[in-house]
Amino acid sequence: MQQSKSKPIIFILSIDTEEEWDWSGAFPQHNADVNNVALLPSFHKHLAALGLRPTYLVDYAVADCPTAASTMREIIAKENCEIGAHLHPWCNPPYFGPATDESSHVVNLPKEHVSQKLNVLMQRIEEQFSIKAKSFRTGRWGIDSTVIKLLAEAGITVDSSVYPFYSNDYFSCIGAPSLPYWPDLASPLETSSQRDLFELPVTVGFNRPNFSMWNDIHSKFATPPYSWTRFNGIAWHTNFLRKQYLCPELSAPKDMLSLCETVINKDYPVLHMYMHSSSLLDNNNSLLGNRNAYEFICESISEVVKTLSEKYALDFCTLSEAAIKLQQQTEQENT
């Protein structure tokens with residue numbers, strides 16, 4: 001079903017703007033490398049040429065590095081992007097001991113630790129960029145009542161920590177809405193009537209429309225006693241069932257486009273692409289597993305955006321811009 005050009009689809013690109021390192025090693029704390037930021041001016045120029053208005057969710061390692069912060073200020077001066085906040089607990093002071101896999105997830109930290117780290121991050125962003133961040137994403141995803149209440153208190157108006165159809169040993173986003181929503185601050189995977197903080201999940205789904213049902217099937221065959229069947233691998237290679245991500249690090253352009261067509265046909269009003277700045281470098285931190293990561297990501301984004309633009313009217317927005325427009329659309333539909 002082709003969408004009329006008179007009904008634009010909001011398109012967001014959010015970028016976790018962060019340090020790079022070898023994920024097989026220890027979490028970097030005091031001496032994090034942020035060499036990837038040097039690639040962002042040219043990358044931003046490429047995005048701007050496509051019409052994109054990216055949101056750079058900046059973590060402490062980037063904000064605290066004089067060279068990286070100066071580079072980000074050059075991009076901000078273009079006035080076609082947004083700077084948000086991204087909390088990596090392991091390299092965000094104050095420190096409360098060595099970083100572990102468990103403590104690398106914000107939702108596992110005591111409230112006092114999250115509060116202090118968030119305050120330091122928000123203050124450093126304001127000092128370096130003269131901006132009070134309004135958008136946010138936790139490092140390594142996930143949200144709970146403690147964290148989301150602290151975000152609201154800090155003046156964050158848009159969160160993007162919900163990763164649809166994902167769970168691990170520390171948290172779960174299963175059951176959360178796939179579409180943007182007003183989260184319950186006491187139970188953030190559920191909707192509520194509060195109007196202080198908006199949740200804007202990234203776009204994740206399957207090549208079949210009943211996402212919840214197919215996620216149940218996909219999850220069941222990913223774990224014993226069913227995993228021995230290798231159903232998910234066979235289903236992927238035969239194109240019977242594919243979990244797809246609107247992310248150039250995780251999905252090929254054809255799969256991103258397939259996902260976009262599926263959610264557009266489901267009347268999603270927004271497409272939310274996401275990525276990590278660190279994946280622009282060829283190193284052990286790259287999720288791509290191939291060389292020429294910068295060119296690969298640029299070409300993938302171009303193919304998706306240009307193909308969609310030929311068929312649909314796209315409204316390129318930052319996270320905060322998208323949140324305002326989506327809220328207005330909801331209000332108009334309810335009146």
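Heads up, the sequence shown is in UniProt numbering, so the first residue is 1 and it goes up one at a time. We treat Cβ as the ideally placed atom computed from N, Cα and C, and that holds for glycine. For clarity, every value in this text was computed on a predicted model and none was experimentally measured.
Can you list, in chain order, the residues of its chain with a C-beta nearer than 7 Å to that of residue i? Leave out the 5 residues immediately preceding and following it.
i: S277; result: I15, D16, T17, E18, N36, V37, L40
i: A293; result: S279, L280, L281, D282, S286
i: T307; result: L257
i: S115; result: L150
i: T146; result: K111, V114
i: A154; result: L118, M122
i: S167; result: C173, I174
i: E303; result: P253
Using a Cβ-Cβ cut-off of 6 Å (strictly less than) and excluding sequence neighbours within five positions of residue i, which residues of its own chain qualify?
i: D59; result: E18, H86, H88
i: E190; result: D184
i: N215; result: F165
i: F221; result: F231, N232
i: A61; result: E19, A32, V34, C91
i: K149; result: L185
i: L13; result: L52, P54, M273
i: W236; result: R242
i: P180; result: L200, L326
i: V202; result: H272, Y274
i: H113; result: F96
i: A152; result: D196, L197
According to the neighbour-count rule (16 or more other Cβ atoms, all chains shown, within 10 Å of its Cβ), is residue i buried or exposed?
i: R291; result: exposed
i: I234; result: exposed
i: R230; result: exposed
i: G142; result: buried
i: R137; result: buried
i: E199; result: buried
i: M273; result: buried
i: H30; result: exposed
i: S227; result: exposed
i: S4; result: Annotation note: pLDDT 47 at S4 (below 50); position unreliable, no value reported.
i: G175; result: exposed
i: S212; result: exposed
i: K7; result: exposed
i: A252; result: exposed
i: R124; result: buried
i: P188; result: buried
i: T223; result: exposed
Beta strand (DSSP E) containing residue i: first to last residue?
i: Y166; result: Y166 -> no beta strand (DSSP E), and no H or E assigned at all.
i: D64; result: Where D64 is concerned, there is no enclosing beta strand (DSSP E), although the alpha helix (DSSP H) it sits in stretches over 60-64.
i: I15; result: 9-17
i: Q244; result: 243-245
i: L47; result: Here L47 belongs to no beta strand (DSSP E); instead the alpha helix (DSSP H) covers 40-50.
i: residue 352; result: In the structure as shown, the chain starts at 1 and stops at 335, and residue 352 therefore has no counterpart that could be examined.
i: H272; result: 270-276
i: E190; result: 187-191
i: L280; result: Premise fails: L280 is in no beta strand (DSSP E) and is neither H nor E.
Whose CA, out of the options, lies closest to the CA of residue i?
i: K243; options: T55, F165, V202; result: F165
i: L197; options: Y245, V270, S320; result: S320
i: W182; options: S160, T223, I174, A293; result: S160
i: Q128; options: L179, A69, P180; result: A69
i: H105; options: M213, P224, F171, P225; result: F171
i: R140; options: H113, G155, Q116, S103; result: S103
i: E79; options: D101, A48, N108, V107; result: A48
i: V162; options: P224, C173, E303; result: C173
i: D255; options: L109, T223, G205; result: G205
i: P28; options: H46, D101, T71, I83; result: D101
i: S309; options: C260, E295, N334, D267; result: C260
i: Y268; options: P177, E295, S192; result: P177
Sorted by chain position, which residues of the same chain lie with C-beta nearer than 8 Å to residue i's C-beta, five sequence neighbours on each side aside?
i: N239; result: N207
i: E126; result: K132, A133
i: V305; result: F11, L50, G51, L52, L314
i: C317; result: I10, F11, I12, R53, K325
i: V270; result: I9, I10, F11, I12, L179, P180, L200, T203, A322, L326
i: C81; result: H44, R53, P54, T55, Y56, I75, T318
i: I156; result: A85, A133, K134, S135, F136, L197
i: D144; result: V107, F171, P188
Span of the alpha helix (DSSP H) holding residue i?
i: L109; result: That residue, L109, is in no alpha helix (DSSP H); it is neither H nor E in DSSP.
i: T135; result: One point to set straight first is that residue 135 is Ser, not Thr, in the sequence displayed. Where S135 is concerned, there is no enclosing alpha helix (DSSP H), although the beta strand (DSSP E) it sits in stretches over 135-138.
i: G205; result: Where G205 is concerned, there is no enclosing alpha helix (DSSP H), although the beta strand (DSSP E) it sits in stretches over 204-206.
i: C260; result: 253-265
i: D216; result: 211-220
request  = Would you be able to state if there are at least three C-beta pairs under 8 Å between the segment 71-79 and the segment 33-42?
outcome  = yes
| Do the segment 113-125 and the segment 87-101 meet, that is, are 3 or more Cβ pairs less than 8 Å apart? | yes
Contact between the segment 324-334 and the segment 23-32 is defined here as three or more beta-carbon pairs at a separation below 8 Å; is this criterion met? no
Would you call the segment 63-73 in contact with the segment 94-113, where contact means no fewer than 3 C-beta pairs closer than 8 Å? no
| query | On the three-pair Cβ rule with 8 Å, is the segment 248-262 touching the segment 296-304? | reply | yes
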